[in-house]
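Notes follow once the structure below has been shown.
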Ligand code: AMP
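Residue numbers (our numbering): 2 to 278.
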């Protein structure tokens, strides 16, 4: 595995692969890697000749009062996990934006609700960094986790709308043994907070189970809320699985999504609900 630390070097290496007809797969991350990230690498590994993982904590996607400065980092641990997962290149730049960088990518509509409503500018930062990373890595296929379900849909839409030459696939959400979705931010939770964080997957699983018989979205979200023990619910919504619009009745593939705080830690989670595509 090679470690690549500048955008120019990444572009040169990926260009040489492509010139030799090698297919390139890409897993973008912000590092502090866990089994959820590694599962994405394993899912993509057999599908491509060369596998690239990026570790870059992208300042553009953090709000002024968010956790950019204290976002957890572990470059050595990340490199070790990537090596084990059969990664060919770990792209770990200090910065990826050129001087005078002045472009941003906005995906409208899909970003209006859910996390977009609570994190102004976040998805613009995510779409912009993904567009630049896709350009640098020149990937044929990139995988993003269903953990960040809205992000996955936003990037799918950006790629479609801008006709970017990359195929996006969604990777299954990986949970810890207690049901909590794996996240780099789980590191912030105390034991007591962790116990309360478990009520998030419990509530979502209960919604998914009940949606087999109960089709009324208001009833399902009320059930979910009754099971949550968190400090703040930003949203608990059931939406169309594709365009993320709110629905009243489960009559199509849908997704129940949660965001909220346990202590000072913001957690998100989601499950598939109702008839699946
Ligand atoms: P992050 O490092 O949080 O930006 O995540 C990088 C990628 O890993 C994104 O595509 C996430 O959706 C994905 N990811 C993070 N946690 C999980 C998880 N628990 N299961 C599956 N994918 C995940």
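Cβ atoms here follow ideal geometry from the backbone N, Cα and C, with glycine treated the same way.
The structure presented is a predicted model; accordingly, all values stated were derived computationally and were not measured.
- Within the same chain, 69 come within 7 Å of residue 60 by CB-CB distance, once the 5 residues on both sides are set aside.
- Secondary structure at residue 145: strand, using DSSP grouped into helix, strand and coil.
- Residue 8 holds the alpha-carbon nearest to the alpha-carbon of residue 99 among 22, 8, 3 and 105.
- Per DSSP, reduced to three states, the secondary structure at residue 75 is coil, with no helix or strand assignment.
- The C-alpha of residue 253 is placed about 17 Å away from the C-alpha of residue 222.
- If you compare the alpha carbons of 208, 66, 112 and 39 with that of residue 183, the shortest gap goes to 39.
- In this structure residue 150 is in contact with residue 271, their Cβ atoms being roughly 5 Å apart against a cut-off of 8 Å.
- The alpha carbon of residue 22 has as its nearest neighbour, out of 236, 29 and 14, the alpha carbon of 14.
- Residue side-chain check: residue 146 places its Cβ nearer than 7 Å to a non-hydrogen atom of the ligand AMP.
- Look at residue 55 here: in three-state DSSP terms it is strand.
- In the pairwise beta carbon analysis, the region 78 to 94 is classified as touching the region 43 to 54: at least three pairs are separated by under 8 Å.
- The region 124 to 143 makes no contact with the region 247 to 263, as fewer than three CB pairs between them are under 8 Å.
- In this structure, residue 159 places its C-beta atom within 8 Å of the C-beta atom of residue 131.
- Selection 20, 133, 199 and 164 evaluated against residue 181 yields 199 as nearest (Cα-Cα).
- Under DSSP, residue 26 forms a beta bridge with 52 and 142.
- Inclusion of residue 58 and residue 32 in the CB contact set at 8 Å is warranted, their separation being smaller than that value.
- In the structure shown, residue 192 adopts helical secondary structure according to DSSP, grouped into three states.
- Distance check between residue 49 and each of 62, 63, 121 and 168 places 168 closest, using alpha-carbon atoms only.
- Considering only 35, 224 and 201, the residue with the shortest C-alpha distance to residue 212 is 224.
- For residue 52, the CB stays at least 7 Å from every heavy atom of the ligand AMP.
- Residue 120 and residue 109 have their C-alpha atoms roughly 14 Å apart.
- Short note on residue 244: C-beta not closer than 7 Å to any heavy atom of the ligand AMP.
- Among the bridge pairs identified by DSSP, residue 266 is matched with 263.
- Here the distance from the Cβ of residue 29 to the nearest heavy atom of the ligand AMP is below 7 Å.
- Comparing alpha-carbon positions, the option among 47, 269 and 18 lying closest to residue 236 turns out to be 269.
- The continuous stretches of beta strand (DSSP E) do not include residue 117, which lies in the alpha helix (DSSP H) extending over residues 116 to 119.
- Annotated three-state conformation of residue 255 is strand, per DSSP.
- With a cut-off of 7 Å, the C-beta of residue 172 is classified as near the ligand AMP, since at least one heavy atom of the ligand falls inside that distance.
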